[in-house]
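Residue numbers (the working numbering): 49 to 153. Glycine included, each C-beta is placed from N, C-alpha and C at the ideal position. Predicted model only: the values in this text are computed from it and were never measured. Inspection log for the structure reproduced underneath, given as structure tokens.
Structure below.
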């Protein structure tokens with residue numbers, strides 16, 4: 049019995065030690081993609097991004113989503129549609145979502 053417990057403990061410890069940090073440390077940021085936005089100062093770009101973000105977020109809320117209690121699968125699909133709408137809206141306003149590694153930030 050003791051051998052079995054030691055064996056299981058060894059398996060658990062070895063599996064936990066194999067879990068490492070992912071190489072994808074960093075974050076996503078929205079950056080300007082139009083020439084007009086690229087020419088602006090960082091403060092002006094930040095202000096325009098904030099305005100576009102709030103506008104898109106408010107518009108995103110107009111996408112109808114069924115109740116989670118009534119239709120959990122439909123609710124999940126609705127949430128995904130809202131996120132897709134938000135990304136598309138910001139792209140139409142001149143911003144693109146890009147991943148920046150920790151070393152680039």
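Grouping DSSP H, G and I as helix and E and B as strand, with all else coil, what is residue i?
| i | result |
| --- | --- |
| residue 122 | helix |
| residue 101 | helix |
| residue 79 | strand |
| residue 144 | strand |
By a C-beta neighbour count over all protein chains shown, 10 Å radius and 16 as the cutoff for buried, is residue i buried or exposed?
| i | result |
| --- | --- |
| residue 142 | buried |
| residue 109 | exposed |
Please check the pair residue i and residue j, which I expect to be a contact at CB under 8 Å, by giving their CB distance rounded to whole angstroms.
| i | j | result |
| --- | --- | --- |
| residue 148 | residue 77 | 6 Å |
Could you check the C-alpha separation between residue i and residue j for me, to the nearest Å?
| i | j | result |
| --- | --- | --- |
| residue 85 | residue 100 | 12 Å |
| residue 69 | residue 119 | Because the pLDDT at residue 69 is just 49, under 50, the model does not fix this residue reliably, and the value given afterwards should be weighed accordingly. Spanning the two alpha carbons is a distance of roughly 36 Å. |
| residue 82 | residue 124 | 33 Å |
| residue 96 | residue 146 | 17 Å |
| residue 121 | residue 111 | 16 Å |
| residue 80 | residue 90 | 10 Å |
| residue 153 | residue 133 | 27 Å |
| residue 114 | residue 126 | 7 Å |
| residue 93 | residue 73 | 25 Å |
| residue 140 | residue 129 | 16 Å |
| residue 136 | residue 75 | 19 Å |
| residue 117 | residue 144 | 34 Å |
| residue 231 | residue 150 | Nothing in the structure corresponds to residue 231, since the chain is present only between 49 and 153. |
Using only CA atoms, which one of the options lies nearest to residue i?
| i | options | result |
| --- | --- | --- |
| residue 104 | 74, 131, 113, 126 | 131 |
| residue 106 | 87, 138, 88 | 138 |
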